[in-house]
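Position one of the sequence shown corresponds to residue 0 (numbering that gives the first Met the number 0), numbered consecutively onward.
Notes to accompany the following structure.
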Amino acid sequence: MTAPRTVLLTGAAGGLGTLMRELLPPYGYRLRLFDQRTIEEIEKIEKIENLKNIEHIENTAGEPEAITAELADKEALREAVRGVDAIVHFAGISLEAPFEKILRANIEGTYHLYEAAREAGVRRIVFASSNHAVGFTPRPADGSGAIGVDTPRRPDTYYGLSKGFGEDLASLYWDLHGIETVSVRIGSCCPEPTTVRMLSTWLSPADAARLLHAALTAPDVGHTVVYGSSANTRLWWDLSSARALGYEPQDDSEPYAAELLAAQGELDPGNPEHAHLGGAFCTDPPQWPH
Ligand code: 15L
């Protein structure tokens, strides 16, 4: 696939979106930003026009443009996908929430996005799936990276369930409509690991950008599922399908291990929170605040 130039980034004002707004453009992408939050939260862009409930922001050379709308807004989505070469789909609820909210934001929202992509002829999507699609999978005792992408889905929350739906939707739109997707089961993407669990699940922001670039440019991906982590010494899952796209992780959480283990201790296999890939999502999931 020729390198996509213009990429729609949904969830652009979120945690991951904020990191990738900075880290993706150096790979040569021009980002179009999409988020339901007020555009003031998206920096360095200038408001030029209001149209109904869609805010169109900036369109001058070299700067991104932005649209503030919900994924349920089909008109806004049509506008957002027009002319883009690919989509990176981060938007939605990224923690646990009542099913009705997950249904609207993650399940219906992702469906609306794929429909807009199909209508506009967009050929490649990178979907932010999550380790929580398989969160109730028992964790390996070591860093053998033994959990493959073919492990049966065992969602740990409605949130994880919605990520499984997104992966299946991607599979359907590949088979039916020829839209390619890389579904990335992201581990824990943050500047530094802050828990012992994250020593296994951590995805450094720089590696996240490397992985997204590989997912956007690898040829003939059809629908490919990959795990999204750095090359952690204590990795639980298998990165081979990500590496097959050309992803070469550069970071490892191990330099943080001594301090985190001294403060928190080793994971306890007898503790249900520590016994599964999804960690606390299996026992007391963090709740979406909105
Ligand atoms: C996720 O899917 C969440 O969106 C993120 O907030 C983290 O909790 C991450 O998983 C994780 O498992 O650490």
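In this text, a Cβ means the ideal position worked out from N, Cα and C, and glycines have one as well.
Treat the numbers as computed from the prediction; the structure is a model and nothing was measured.
Which residues does DSSP pair with Arg123 in a beta bridge?
Partner residues in the beta bridge of Arg123, as assigned by DSSP, are Glu179.
May I ask whether a heavy atom of the ligand 15L can be found less than 6 Å away from the beta carbon of Asn130?
Asn130: yes, Cβ under 6 Å from the ligand 15L.
Would you check whether the ligand 15L has a heavy atom nearer than 6 Å to the C-beta of Ser187?
The answer is yes for Ser187.
For Leu18, which residues from the same chain have a beta carbon less than 6 Å from its beta carbon, with the 5 sequence-adjacent residues on both sides left out?
Non-local beta-carbon contacts of Leu18 in its own chain, meaning distances under 6 Å to residues more than five positions away in sequence, involve Pro204 in chain order.
Under 7 Å between C-beta atoms of Val80 and Ala132:
Cβ atoms of Val80 and Ala132: not closer than 7 Å.
Determine the closest residue to Pro285 out of Gly159, Phe33 and Ala71, with distance taken between C-alpha atoms.
Comparing Cα-Cα distances from Pro285 to each of Gly159, Phe33 and Ala71, the minimum goes to Gly159.
What residue does the alpha helix (DSSP H) around Ile101 start on, and which one ends it?
Residue range Phe98 to Ile101 is occupied by the alpha helix (DSSP H) that includes Ile101.
Per-residue DSSP class, three states only, for Trp236:
Here Trp236 sits in strand by DSSP.
Given a cut-off of 7 Å on the beta-carbon distance, is the pair Arg184 and Ser239 in contact?
No, these two residues do not count as a Cβ contact at 7 Å.
Looking at the strands, I want to know which residues DSSP matches up with Glu64.
DSSP, once it has assigned bridges, lists Arg31 as partnering Glu64.
Taking the alpha carbon of Ala119 as the point to measure from, which residue in Arg153, Lys162, Lys73 and Ala230 has its own alpha carbon closest?
Taking only the C-alpha atoms, the option nearest Ala119 is Lys73.
Identify, in the order they occur along the chain, each residue of the same chain with its Cβ nearer than 6 Å to the Cβ of Arg196, setting aside the five sequence neighbours on each side.
Closer than 6 Å at the Cβ level, and outside the excluded window around Arg196, lie Gly278.
When we look at the beta-carbon of Phe98 and count the other beta-carbons within 10 Å, is it buried (16 or more) or exposed?
Exposed.
Collapsed DSSP secondary structure at Val80 in the structure displayed:
Three-state result, Val80: helix.
Please name the residue or residues paired with Cys281 in a DSSP beta bridge.
Listed as beta-bridge partners of Cys281 by DSSP are no residues whatsoever.
Within 10 Å of its beta-carbon, does Ala85 have 16 or more other beta-carbons around it, so buried, or fewer, so exposed?
Around the beta carbon of Ala85, a 10 Å sphere encloses 16 or more other beta carbons of the protein chains shown; the residue is thus reported as buried.
Given a threshold of 16 other Cβ atoms within 10 Å of its Cβ, counted over all protein chains shown, does Asn130 qualify as buried or as exposed?
Classification of Asn130: buried, given that the 10 Å Cβ count is 16 or more.
Note the first and the last residue of the continuous beta strand (DSSP E) segment covering Thr216.
For Thr216, no beta strand (DSSP E) segment is defined; the enclosing uninterrupted segment is the alpha helix (DSSP H) at Pro204 to Thr216.
In this structure, how does DSSP classify Val133 when only helix, strand and coil are distinguished?
DSSP places Val133 in the helix class (H, G or I) of the three-state scheme.
Could you check the C-alpha separation between Leu259 and Cys188 for me, to the nearest Å?
Between Leu259 and Cys188, the alpha-carbon positions lie close to 17 Å from each other.
Candidates Arg77, Ala65 and Ile146: which alpha carbon is nearest Trp235's?
Relative to the Cα of Trp235, the nearest Cα in the group Arg77, Ala65 and Ile146 belongs to Ile146.
Alpha carbon of Leu76 to alpha carbon of Asp267, nearest angstrom:
Cα to Cα, Leu76 sits roughly 45 Å from Asp267.
What does DSSP give as the partner residues of Val6 in its beta bridges?
DSSP output for Val6 lists Leu30 and Ala85 as bridge partner(s).
Exposure of Gly16, with buried meaning 16 or more beta-carbon neighbours within 10 Å
Gly16 comes out buried.
Exposure label - Leu291; buried when at least 16 CB within 10 Å
Outside the modelled stretch of the chain, which goes from 0 to 289, sits residue 291, for which no answer is possible.
Using DSSP bridges, identify the partner residues of Glu95.
Paired residues: Gln286.
Using the beta-carbon count (16 or more within 10 Å), is Pro151 buried or exposed?
By the neighbour-count rule (16 or more Cβ atoms within 10 Å), Pro151 is not buried but exposed.
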